[in-house]
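Q:
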Ligand code: PMP
C-alpha cells in the first residue's frame, strides 16, 4: 500500500501499485489531443467516463482504412471489399479474445452499449417477458439500462423491480434473493456505476440469478476500459459496451451473448446482411452474428475499436487498472482533505470515478470554473437520475480517470477546487 492509501477515509479492496511503475508519460505521448492549452492552461481531461481520448494508433487505423481500404463488406468480389471484410472480421476476433468469448459468432457489432441493451430488450425481452412478469435492475443503473426495460415492461404489462443501494453506493445484496421469483424473466445490472464508481459483485449476482433460472444482462460500458472482463468466467448471458469509452471511436459498440440464446432470439432490425434469402412470401434470416447486424455496419468504427483493444492489450489491462487505482486513492485522499467536500459513492470496490459535491456550491458552477483552468470534469445527473434521488442531491461534479491521467493532474484538480471555493467564499 502507498502511504497515501492509509489515510483514505474508507477502505478500498484492490491491489495497488505506485504511478512510477506505469509508463504514463509515454502513454500520454500517444494521445495527441492531450497536448493542448485550454483557456491558457494545459488541458486536464478528467471526463473519461463520458468518453475517453483516442491514441494515435486508433486515429491512424481509422484514417488508414478510409485512405486505403474503404469498401462495403460481405459479398464483394473485388479486392478492397474482401480486404475490408477481413479487417472487420479481424476486429470481431479481437473483441472475442478481449472478452474471452467462446465463439466469434457471439460478438455482435452494434452502435453502442445503449443499442446493445435495446437489442436485448426488443428481441429476447419481447419474446420472453409477458404480462405479470418482472425484470430486475439496480438502483445505480445508467438511464440506458433503465429506460429500455421500462419501455418493455410498459408494452408487456410487466413490472420493473429494483435492487436498492446503501449509503456507500453498494448494492444491498441481501435484497436480491427476495426480488427473484418465478415471475422474474431477466436481470440487468451494471458492472461499474458511472455515477458512483461502484464495481458490482457480478459473479455473485449472476450465480444467484442463475440459481433462480434468471438470465443476466451486464452493462459493461464503464468496466471494459478499466477491468479484465471474462464473459465465460462471469457466466453472464449478455454483456454490452461502447467503443468510445475504451479509447475507440464513437458509433461502435458490442453486444456479447451466449450463442444458444442468440440463436433462439428473433432478429432486431430488418434489412440487408441480416438475411439468407428474401421473397415476398418469406424471409430466411442469416446466421450469427449477421442476423443482428442489419445494413452496412460501421466498418471503420469496428476497425478503430480493434486498434483500441490492441493498444489496451499492449499496455495490459491489469497494469492500467493498477495505475488508475493509484490515481483513485491519491485523488480520494486529496479531495477528502478539502473542507465541505462530500464524496458520493464510497464503495469498497471502486473504479477510478469520483463524484462529489461541495456544500453551498452548485456542481455546474464547480465545472464551469474548473473549465476556465483547463480542467474538464462532468457535472449533472450523469444519466443516473435515480442515483441522485437516492442521495437526495440534484447533481454531482464528477472526475473520472483514464490510463493517461497523472497525480499532477489530480493536484491541478485540487488547486482548481480551492479556486472555486475562493470564488464562493
Ligand atoms: N451505461 C453506463 C454505465 C454508462 O456510463 C454509459 C455512458 N455514459 C452507458 C451505459 C451508455 O453508453 P453509450 O451512450 O455509449 O451507449
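In our numbering, the protein residues as written are 2 to 426.
Glycine included, each C-beta is placed from N, C-alpha and C at the ideal position.
Small disclaimer: the values here were computed from a predicted structure and weren't measured.
1. Please list, in chain order, all residues of the same chain as residue 401 whose beta carbon is under 7 Å from its beta carbon, the five residues on each side excluded.
2. Taking the Cβ atom as the reference point for each residue, do residue 181 and residue 137 lie within a distance shorter than 9 Å?
3. Does the separation of the CB atoms of residue 56 and residue 23 fall below 9 Å?
4. Give a yes or no on whether the C-beta atoms belonging to residue 108 and residue 96 are separated by under 9 Å.
5. Taking a contact to mean a Cβ-Cβ separation below 9 Å, would you say residue 344 touches residue 357 in this structure?
6. With which residues is residue 351 paired in a DSSP beta bridge?
7. Straight-line CA distance for residue 54 to residue 225?
8. How would you label residue 359, buried or exposed, when you count the other beta carbons within 10 angstroms and need 16 or more for buried?
9. Please classify residue 4 as buried or exposed, where buried requires at least 16 neighbouring CB atoms within 10 angstroms.
10. Is any non-hydrogen atom of ligand 1 found closer than 8 Å to the C-beta of residue 193, if you look at the structure I gave you?
11. Please state the DSSP three-state secondary structure of residue 220.
12. Cβ of residue 305 within 8 Å of any heavy atom in ligand 1?
13. So residue 77 is in the alpha helix (DSSP H); what residue range does that whole segment cover?
14. What separation, rounded to the nearest whole angstrom, lies between the Cα atoms of residue 427 and residue 58?
15. Quick one: using the 10 Å Cβ neighbour count with 16 as the cut-off for buried, is residue 268 buried or exposed?
16. At a cut-off of 8 Å, would you count residue 237 as near ligand 1, judging by its Cβ distance to the nearest heavy atom?
17. Does residue 247 come out as helix, strand or coil in the three-state DSSP assignment?
18. With respect to 8 Å, is the separation between the Cβ of residue 168 and the closest non-hydrogen atom of ligand 1 below this value?
19. DSSP three-state call for residue 323: helix, strand or coil?
20. Can you name the residues that DSSP bridges to residue 185?
21. Cβ of residue 324 versus every heavy atom of ligand 1: is any distance shorter than 8 Å?
22. What distance in whole Å lies between the Cβ atoms of residue 139 and residue 191, which are believed to be in contact at a cut-off of 8 Å?
23. Can you tell me the Cβ-Cβ gap for residue 253 and residue 317, rounded? I've got them flagged as a contact below 8 Å.
24. Can you tell me where the alpha helix (DSSP H) with residue 368 in it begins and where it stops?
25. In whole angstroms, give me the CA-to-CA distance for residue 287 and residue 276.
26. Can you give me the C-alpha to C-alpha distance between residue 394 and residue 384, rounded to a whole angstrom?
27. Measuring CA to CA, which of 378, 305, 408 is closest to residue 91?
28. Measure the C-alpha to C-alpha separation of residue 330 and residue 404 and round it to an integer number of angstroms.
29. Confirm the yes/no value for this check: CB of residue 48, any heavy atom of ligand 3, distance under 8 Å.
30. Relative to the C-alpha of residue 69, which candidate in 76, 83, 75, 207 has its C-alpha closest?
31. Taking residue 115 as part of the alpha helix (DSSP H), name the residues at either end of that continuous run.
32. So which of 408, 346, 420 has the shortest CA-CA distance to residue 396?
33. Is it buried or exposed, residue 134, if we count other Cβ atoms within 10 angstroms and call 16 or more buried?
34. Can you have a look at residue 340 and say buried or exposed, based on whether 16 or more other CB atoms are within 10 angstroms of its CB?
35. Along the chain, where does the alpha helix (DSSP H) containing residue 159 start, and where does it finish?
36. Kindly indicate the opening and closing residues of the alpha helix (DSSP H) around residue 62.
A: Short version:
1. Counting only residues of its own chain and dropping the five nearest sequence neighbours on each side, residue 401 has a CB closer than 7 Å to the CB of 47, 48, 49, 50, 353, 354.
2. Yes, the Cβ-Cβ distance between residue 181 and residue 137 is below 9 Å.
3. No, the Cβ-Cβ distance between residue 56 and residue 23 is not below 9 Å.
4. Yes, the pair counts as a contact, with Cβ atoms nearer than the cut-off.
5. Yes; because the gap between Cβ atoms is below 9 Å, this pair is in contact.
6. In the DSSP assignment, residue 351 forms a beta bridge with 199.
7. Spanning the two alpha carbons is a distance of roughly 15 Å.
8. With 16 or more other Cβ atoms within 10 Å, it is buried.
9. Because the pLDDT at residue 4 is just 36, under 50, the model does not fix this residue reliably, and the value given afterwards should be weighed accordingly. Exposed, since its Cβ has fewer than 16 Cβ neighbours within 10 Å.
10. Result yes, Cβ under 8 Å from ligand 1.
11. The DSSP-derived three-state label of residue 220 is strand.
12. False, no ligand heavy atom lies under 8 Å from that Cβ.
13. Here residue 77 belongs to no alpha helix (DSSP H), and DSSP marks it neither H nor E.
14. In the structure as shown, the chain starts at 2 and stops at 426, and residue 427 therefore has no counterpart that could be examined.
15. With 16 or more Cβ atoms within 10 Å of its Cβ, residue 268 is classed as buried.
16. Relative to ligand 1, even the nearest heavy atom lies 8 Å or more away from the CB of residue 237.
17. Of the three classes helix, strand and coil, the one that applies to residue 247 here is helix, per DSSP.
18. False, no ligand heavy atom lies under 8 Å from that Cβ.
19. Residue 323: helix per DSSP, three-state reduction.
20. DSSP, once it has assigned bridges, lists 135 as partnering residue 185.
21. For residue 324, the shortest C-beta to heavy atom distance toward ligand 1 is 8 Å or greater.
22. With a contact defined as Cβ atoms closer than 8 Å, residue 191 and residue 139 qualify at about 7 Å.
23. Beta-carbon to beta-carbon, residue 253 and residue 317 are separated by about 23 Å, too far to satisfy the 8 Å threshold.
24. Judged by DSSP secondary structure, residue 368 falls within the alpha helix (DSSP H) whose first and last residues are 364–372.
25. The C-alpha of residue 276 is placed about 4 Å away from the C-alpha of residue 287.
26. In this structure, the CA atom of residue 394 is about 14 Å from the CA atom of residue 384.
27. When the alpha-carbon of residue 91 is set against those of 378, 305, 408, the nearest one is in 305.
28. Cα-Cα distance, rounded: 14 Å.
29. As far as ligands go, the structure on display features ligand 1 and does not contain ligand 3.
30. With distances taken between Cα atoms, residue 69 lies closest to 83.
31. Unbroken alpha helix (DSSP H) run through residue 115: 114–121.
32. Of the candidates 408, 346, 420, the residue whose Cα lies closest to the Cα of residue 396 is 346.
33. If you draw a 10 Å sphere on the C-beta of residue 134, you find 16 or more other C-beta atoms in it, and that means buried.
34. The residue is exposed, with fewer than 16 neighbouring Cβ atoms inside 10 Å.
35. First-last for residue 159: undefined, no H or E at that position.
36. Segment 57–65, the alpha helix (DSSP H) holding residue 62.
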